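Shown next, in structure tokens, is the structure this report addresses.
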Amino acid sequence: MGLGGRVKGNSLFIDALFWILCTGTPWQNLPPDYGGWKNAHRRFTVVVIMAYRNMYLQS
0 MGLGGRVKGN SLFIDALFWI LCTGTPWQNL PPDYGGWKNA HRRFTVVVIM
50 AYRNMYLQS
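What the sequence shown shows, in numbering that gives the first Met the number 0, is residues 0 to 58, in sequence order.
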């Protein structure tokens, strides 16, 4: 996957995240336009874990 694919994937992930936050619906109801809900949820989980890890290491 080239850089263009990563940028598109990141853009879809951010769009999916905003859609979930704005609608308040479960991840399973994520429209297919945003890619698979399992992938989006897994990426979200990784981002949250990394954020907590970074906060822990900085304190």
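Note that the Cβ used here is the ideal one computed from N, Cα and C, for glycine as well.
All figures in this text were calculated on a predicted structure; none of them were measured in a lab.
query, result
"Please classify Ile-65 as buried or exposed, where buried requires at least 16 other C-beta atoms within 10 Å of its C-beta.", "Nothing can be reported for residue 65: it is not among the residues displayed for the chain, which extend from 0 to 58."
"For Arg-42, which residues from the same chain have a beta carbon less than 6 Å from its beta carbon, with the 5 sequence-adjacent residues on both sides left out?", "Phe-12"
"Output yes if chain C places a C-beta closer than 8 Å to the C-beta of Ala-15; else output no.", "Any reference to chain C falls outside this structure, which holds one protein chain only."
"Does the beta-carbon of Ala-15 have 16 or more other beta-carbons within 10 angstroms, so that it is buried, or is it exposed?", "buried"
"Quick one: what does DSSP say Gly-8 is sitting in, helix, strand or coil?", "helix"
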